[in-house]
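Protein chains in written order, with my numbering: chain A, 1 to 353; chain B, 1 to 385; chain C, 1 to 547. We put the beta carbon where it would ideally sit given N, CA and C, even for glycine. Being a predicted model, the structure only gives us computed values, none of them experimental. What follows is one structure encoded as structure tokens, with my remarks underneath.
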Amino acid sequence: MSDPVVEIINVVLGLIGDTLNRLFVFLGLPDWLYLPIFIAAVTLTFLLALVLDILFIIWMERKVIGRIHHRRSVTETGPVGFFQNIADLIKLLVKEDVYPANADKLMHYAAPILIASIAIIPAALIPYGPEIFFLRMSTSIVLFFAILTLIPGIVLLTGWAGNSKYSTIGAFRAGLQLISYEIPLSLSILGVILMTQSLDFYRVIEAQSNIWFIVLQPLGAFIFFIVSLMELERSPFDIPEAEGEILVGWRTEYSGLKFGLFYAAEYFKFFIASAAFTALFLGGWHGPFFDSAIYFVLKMHIVMLAMIWVRVTFFRPRPDQLIRISYTKLIPLAILNLLWVVLITPFVLPVLY
Amino acid sequence: MIAPISPKLRGKILMLFSLDYLTLGVFASLMIGFMIFGIIIWKLVASGGPLSIHRKRTTVPEPYKRVGYECGEVPIGKTRFSFDIEYYVFPLIFIVFDVFTPFLFLWTITYSPNNWLINMFFVLLIMFLFLGMMAAVLRDGKSLVTPEYQKDYYLEMIEKAANGDEEALNEFLRIEPLKIIKKELEVKPMTQDMRNKYSLSIPDDKTHPVLAPIRALLRKLVGWLFRWGLGKSPWILYLGIKCCALEIPMAVGVSRFDMERWGIIPSGSPRQADLMIVNGPITFKWAPRIKALYDQIAEPKFVVALGECAILGGPFKGSYAVIDGANKVLPVDFYLPGCPPRPEMFLDLVMKYRSSVPSEAERRREKIVLARKEVLRNLDKVLVG
Amino acid sequence: MGVDEIKDLTIRELSSTLGSDIEKRDMKWDKYIGVNLLKPKRITELVRVLKKIGYAQPVLITAVDKPSDGVIELVYKFNRIDSKVMTWVYVNVDRENPRIPSITPLWRAAFPHEIEAYDLMGVVFDNIPDLRHVFLPWDWNQGFPLRKDWDPNEAKKYPWWEKTREFYDPFIIPSDESDDIYYVSIGPQHPAVHGSFRLILKMKGDTILEAWPDFGWVHRGIEKLAESKTFDQIIVYTDRLCYGSSISWNLTYSLAVEDLLGIEVPERSLWFRVILVEMQRIVSHLLWLSALMADLGTYHSMFLYPIREREKFLDLFEKASGARLTYSYIKIGGVGIFKHAEDIPDNWFNELKDVLTDFKQRVKEYLDMTEASESFHIRTKNVGVIRGKAAIEAGATGPVLRAAGIKYDVRKIDPYLVYDQLDFEIPVGKRGDVYDRWWVRINEMLQSVRIIEQAIEEMPKQGPLRTKVPPIKMRGTGEGIGRTEDPRGEAIIYIVGDGKNMPYRIHIRSPTYINLSLLHFLLRKAKFADIAAIIGSLDPCMAEVDR
């Protein structure tokens, strides 16, 4: 059986290519412009699909949390409350732009745009199916996490830019948390890179065609999961925006669509973190009968459900306790994982690919 | 990506860019452009923007609107400060590690399972490096990672105080006086300079020749969409003054009554809230602060006066410290009687909000906005320090 | 030591130290000692003697304005941990220039009471650390409201309208020069403060150096309002004193009025009052549990589940009294019933038994769920510690005092209603941190269930629930005191009557006010993230603080 998603995408690409061809001939545009415009058109389609998926994810999260609370969450707007997010977005479009008098105006406008874009750009680096990807770089893993590392700095500047006490305290707490996850993150993915000898997502997924890495390196997967939660600022690590303490944290002074972009950025990060986890540890697009992007998307959503489940369960540690957990517990575990991988790789190599 | 272009063209492009970075570049610039486009649209269409769908520009320059948020209070002291040296050890460790990272990545790629003994030694080297760093941090008893967060001498003092040691008791139970400096206030008449400084002379864009017809057109075309969105997602401000706060918003948010069905989320910061629920009596101390909180909420905003105390003073009417009714301090849009009202009554109000925001409350709100602007324009004296 | 021994010891010691400056006063209660102090300046020596004999805390300092005698009478009440004896010291200070030495340097627990007496009555205390207005705004200079000759029109001159329009704030709290010390206001609008109070914090990095609580946001002047309402009408105000435990305040007030007017309540209503009050204790502790857990981070699970249990109890209350939050059910003379309805609804006790059986299982579930989570332990152990003598000295009361290791409960020490016929235990903690306070309250809930079950068995099945008191009898002279164990601590209402059907002076001691003054000490050297846990463990209810 061949992959149905590839069929659909081939059709869509064919359509786009056809239309663009005719458009180019009609308007007489130069040849070298063709490729960038083609990529732009495909990006727009991807963006559409992404936005629909994000709306679904936000709705799913609210409903699932509601059910865990033994209640039905959003039900009134749309058939099962499905249009609630669209209503929220439209409402955010109508809200006024207020910010403190001495706030840094440039940073105020730049911060939401930067964070939202940085959160979505790594989505181009992950292959979603054996023939569905934007690009195949030989160093895509490193680039992926390098782009994500830009976020702590911008978060600090965002909080600093809103000229208020709560913003600044929130910014420092966020910076603290976001810095404490960097080392365990790099160490936990080193195991995967070691086993497959490559820095490319595509090769890593190909290597899992017989057995998934979560079976071979459970500790690494566990650490990566926890570190993703820290990076996404989700409970139990929602210290920068702890409702009982600092209210909204570094996003306090942002209203209207700026806040909407932060909200969207949170879910973009959710998307790419689950995608990275699926690609690195859960075997990507491999599935029972055929390899398909459907399995990738399915696994991604299961990882999201797991993260939502963790959100409703645990207490929130203090910032200094969080650093303690990260430096005294996660780093030694990650090194242990590395040791384990070094030990078993010679025996496992024949099974891969 | 299977791009159906000719090989000659492909070769030309590949000469100029690597295909990978071209794709990434187009992707990134498109995303950034999309966000910028969104922000531009928002600035045009939002309340207070040139193309907002309301008939009159609804930005009211109230006193506390541009003050940094600090739970309604005026911020004390400076808002940008440096953070304690306590935590900087960890970012320093992170920087050291960051420099070491490229080496780690290169090692993992060039790793070969044949000489695993040497690789084992390498891993042990990394381990020693990290454990050495940890030991350096952990060894000092006063660092962050000790299990007892309080420094040891403080816990000892608590122990001694518990046993009744005089000196320890006096040290532990020390009360510091709060130094308050009271500035001398004068009541000055409002001058044109002050009006400009506080932006109190704002024009009314009802009759702008170009923008007004565009706004009317937009109002016809997409006004229904914006009103739909506004009514369907009321976000309330976390405010709890007195008893009614236990019913609304607390008891109405739990599983039994579940206000999230209508999309109500409590929000901590006033910049992101729409609906402010005044659930208690307003006393002298609260009055300026609740007005400050109201000012800080972004337009369009609505106020619900909940319970008897907020409507007319309730059982405490006539007391020397209570202002009889929230509508003497804030412009109130909805009233909900009861002492305290049952949660179902609040849900009834929400259902009315959803459907009445399009028509009735909107008109009422415009009147209220005009009234607020009028008050500010006619302010002829101001307290200045 | 027996009651008489303590009384003799006290009188002996006081006479030997102060000689002729004190005289014994006749009290209508056998268990309380009354002493008149003739020289106000010697109050500090008297207090030193009392401390030496073993008195625990100054529970109430009331200022009663007597313009006809030209004095303000200060009534100091001191209690003991081991017995029901209280010593009441009456001091008269001159009305035109009321000054008296403060006892705060000797006994920190007196600080909140003295501040309040200054704020509302104008008595100036010498040597007090921090004298400022607490309930009234900081720039209030319109007189002292509780005085009998204060003109209410003065209050209208306070410029609150201008302040809502001001572009500057007249108060500056100067910040220290160092660059990393900053001041934050955890303000009136914040979920961590459970209501509206404000904490001014002086912080360095993530650590708190000093903390000042700032009350008065919901000060409604209940004590002054009550002076112009009859005894019946004040019941409605006592509900709204603490909305989390409103029946307890109804009870305290009814006990005070029944003490003043000499009213006997029927036996059946005593038992029913016990059932209601213990149910209210469970409801209040469930609310506290949810709030604490929400602050610690598990809004999603441990906030919603205790509230679900609470709703079941509120349904029972609603069937009996008609309201969900502010019941006004316990009235003077018994438990209030509708005029034409006979009694408690049928089947109410069976439903109560069902709810209790279910509830016992749930509490054990919450206990297990929370104990098993390690992050709960690291958030709450050794956080906000106060224990032993420091707790008594600082004025802790209620579960805070019991978690500090002191076995003190008004229901056992000075039993009211029928508590001396019931069998229950008092849970006591060891370390005095947030964990112990949590543990004490959870066990109190289980003990309350035990009490209710016994009371349902032993309650007489027939009988009136209320004595009818004709309006002629609703007048009294003298003093009345109602002293109960509120879910938050020791609650006292002290009424002075002068023969009219309205009280001359009513003074309410709210346990939360005293407990929150502990924040000066508990928050030092704590981290910012601990504020929510510490305030939550003290169980604040702001309406009773500000009255």
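State yes or no: is the beta carbon of residue i nearer than 9 Å to at least one beta carbon in chain C?
i, result
"ILE68 (chain A)", "yes"
"LYS354 (chain A)", "The shown model of chain A, from 1 to 353, leaves out residue 354 (chain A), and the question about it has no answer."
"ILE57 (chain A)", "no"
"GLY141 (chain B)", "Low per-residue confidence applies at GLY141 (chain B): pLDDT is 41, beneath 50, and the placement is therefore not dependable enough to give any value."
"LEU24 (chain B)", "no"
"GLN321 (chain A)", "yes"
"THR313 (chain A)", "yes"
Indicate whether residue i and residue j have their beta-carbon atoms separated by less than 9 Å.
i, j, result
"PRO345 (chain C)", "LYS312 (chain C)", "no"
"ARG99 (chain C)", "VAL93 (chain C)", "yes"
"ILE493 (chain C)", "GLY478 (chain C)", "no"
"TYR273 (chain B)", "LEU257 (chain A)", "Sequence check: residue 273 (chain B) is Ala here, not Tyr. Not closer than 9 Å, so no."
"ILE442 (chain C)", "ALA109 (chain C)", "no"
"LYS352 (chain B)", "GLU76 (chain A)", "no"
"ILE308 (chain A)", "ILE65 (chain A)", "yes"
"LEU241 (chain C)", "ALA543 (chain C)", "yes"
Buried or exposed: where does residue i fall if 16 or more other Cβ atoms within 10 Å of its Cβ makes it buried?
i, result
"PHE224 (chain A)", "buried"
"GLY153 (chain A)", "exposed"
"PHE231 (chain C)", "buried"
"ASP315 (chain C)", "exposed"
"THR252 (chain C)", "buried"
"PRO470 (chain C)", "exposed"
"ASP423 (chain C)", "exposed"
"GLU299 (chain B)", "buried"
"LYS430 (chain C)", "exposed"
"ILE226 (chain A)", "buried"
"LEU185 (chain A)", "buried"
"ILE2 (chain B)", "Residue placement at ILE2 (chain B) cannot be trusted, given a pLDDT of 47 that sits under 50; what the coordinates show is reported in the next sentence. When all chains shown are included, ILE2 (chain B) counts as exposed."
"GLN361 (chain C)", "exposed"
"GLY216 (chain C)", "buried"
"TYR21 (chain B)", "exposed"
Spatial neighbours of residue i within its chain, please: CB distance less than 7 Å, with the 5 preceding and 5 following residues excluded, ordered by chain position.
i, result
"ASP180 (chain C)", "LYS204 and GLY205"
"ALA111 (chain A)", "ILE154, LEU157, THR158 and ALA161"
"SER537 (chain C)", "LEU292, GLY384, VAL434, ARG437 and TRP438"
Under 9 Å, Cβ to Cβ, is there at least one residue of chain A near residue i?
i, result
"MET1 (chain B)", "Note that MET1 (chain B) scores a pLDDT of 46, beneath 50, so its modelled location is shaky and nothing firm can be said."
"GLY297 (chain C)", "yes"
"ALA168 (chain B)", "no"
"ILE378 (chain C)", "yes"
"LEU304 (chain C)", "yes"
"PRO355 (chain B)", "Per the sequence presented here, residue 355 (chain B) reads as Ser, with Pro not at that position. Taking Cβ atoms only, chain A never reaches closer than 9 Å to SER355 (chain B), which makes this a no."
"LYS386 (chain B)", "A question about residue 386 (chain B) goes unanswered here, because the residues of chain B that appear run from 1 up to 385."
Do we get a CB-CB distance below 9 Å when we pair residue i with the residues of chain B?
i, result
"MET542 (chain C)", "yes"
"GLY284 (chain A)", "no"
"SER274 (chain A)", "no"
Tell me which residues share the same chain as residue i and place their Cβ nearer than 6 Å to its Cβ, disregarding the 5 neighbours each side in the sequence.
i, result
"PRO40 (chain C)", "VAL91, VAL93 and ILE100"
"LYS179 (chain B)", "none"
"ARG136 (chain A)", "TYR202"
"SER328 (chain C)", "ILE235, VAL236 and ASP239"
"VAL25 (chain A)", "none"
"VAL142 (chain A)", "LEU199"
"CYS243 (chain B)", "PRO340"
"VAL80 (chain A)", "none"
>> Please give the ranges of any alpha helix (DSSP H) in the region 6–84 of chain C, keeping only runs that are unbroken, at least 4 residues long and fully inside the region.
In response: 43–53
>> So within the region 288–349 of chain A, which uninterrupted alpha helix (DSSP H) runs reach at least 4 residues, ignoring any that extend past its ends?
In response: 293–311, 319–324 and 331–348
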